[in-house]
Amino acid sequence: MGLLTELARGLVRGADRMSPFTSKRGPRSYNKGRGARKPGVLTSSKKFVRIEEMVPHFVVPDLAGFKLKPYVSYRAPEGSEPPMTAKQLFTEVVAPRIEKDVKEGAFDPGNLEKYGFEPTQEGKLFQLFPKNYVR
166 MGLLTELARG LVRGADRMSP FTSKRGPRSY NKGRGARKPG VLTSSKKFVR
216 IEEMVPHFVV PDLAGFKLKP YVSYRAPEGS EPPMTAKQLF TEVVAPRIEK
266 DVKEGAFDPG NLEKYGFEPT QEGKLFQLFP KNYVR
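Quick note, the sequence shown lines up with residues 166 to 300 if you use this note's numbering.
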């Protein structure tokens with residue numbers, strides 16, 4: 166009977182060790198926090214030195230006289246415009262710039278990056294061709 170008791174105790178203890186370590190399971194001084202960065206450094210003598218460059222600064226625009234509210238109800242009607250296609254985006258944004266440069270004589274077919282063209286997808290987080298197409 167002692168063998169089964171030891172096996173059951175081992176299973177329970179193992180399962181207990183696998184549970185997430187929270188502030189309730191640690192000592193009173195343990196505070197897990199929420200991943201916020203400290204705005205300074207801790208020296209070898211355990212003294213905290215605040216560094217002004219590490220303090221986050223939020224840039225908030227002046228919203229005085231702004232009519233829109235920050236919340237959109239789920240009961241709001243759907244938008245009336247259809248989603249924009251690549252062709253529409255090109256004709257509305259890039260084509261006028263290309264036409265303007267052609268008229269001025271400043272258009273260079275070798276320098277299409279000026280208009281947003283990307284010849285390769287290297288270094289992109291999501292590459293468009295050919296890896297992530299469904300096969």
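Quick reminder that beta carbons are idealized off the backbone N, C-alpha and C, glycines included.
Give me the Cα-Cα distance between leucine 207 and valine 225, rounded to the nearest whole angstrom. 30 Å
Option in Gly281, Thr187, Gly244, Pro221 with minimal Cα separation from glycine 127: One cannot answer for residue 127 here, as it falls past the ends of the chain, which runs 166 to 300.
Run through the DSSP bridge pairs and tell me what leucine 169 is partnered with. Partner(s): none; leucine 169 has no beta bridge.
May I ask which residues mark the beginning and end of the alpha helix (DSSP H) holding arginine 262? 260 to 269
In its own chain, which residues sit with a C-beta less than 7 Å from the C-beta of phenylalanine 213, not counting the 5 before and 5 after it? Gly205, Leu207
Selected residue, minimal CA-CA separation from lysine 203, among Thr256, Ala229, Arg215, Pro235: Closest by alpha carbon: Arg215.
Over what stretch of residues does the alpha helix (DSSP H) that includes leucine 254 continue unbroken? 251 to 254
So for leucine 277, helix, strand or coil by DSSP? helix
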